[in-house]
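According to the working numbering, numbering within the sequence shown proceeds without interruption in unit steps and concludes at 240.
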Amino acid sequence: QVGLDVPRFERDLDDPSLADRVRADRQDGLALGVSGTPTFFINGTEFIGPPTYDALKAIIINKLGP
Numbered sequence: 175q176v177g178l179d180v181p182r183f184e185r186d187l188d189d190p191s192l193a194d195r196v197r198a199d200r201q202d203g204l205a206l207g208v209s210g211t212p213t214f215f216i217n218g219t220e221f222i223g224p225p226t227y228d229a230l231k232a233i234i235i236n237k238l239g240p
């Protein structure tokens, strides 16, 4: 329903190079202090998954100031 290429997804799950890439990305996130997804950093402040586009936009505008 979402357009996922299931055969490719299943092949990718078994690809060691992709597993290494996912592990490396996870380590990068942990090193940055990411505690959930999606996570956004705006001016060094962490925001975990604003519920809507408008909420994220408001946070960014607020952080940018006038």
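C-beta: ideal position from N, C-alpha, C; glycine also.
Can you tell me the Cα-Cα spacing of residue i and residue j, whole angstroms?
i	j	result
E220	Y227	16 Å
D186	F214	26 Å
S191	P181	17 Å
A232	R195	33 Å
G239	P225	22 Å
Am I right that residue i and residue j are in contact with their C-beta atoms under 8 Å? What's the rounded C-beta distance?
i	j	result
I222	G210	5 Å
I234	I216	6 Å
Going along the chain, which residues of its own chain have a beta-carbon closer than 8 Å to the beta-carbon of residue i, five neighbours each way excluded?
i	result
G207	E220
D189	none
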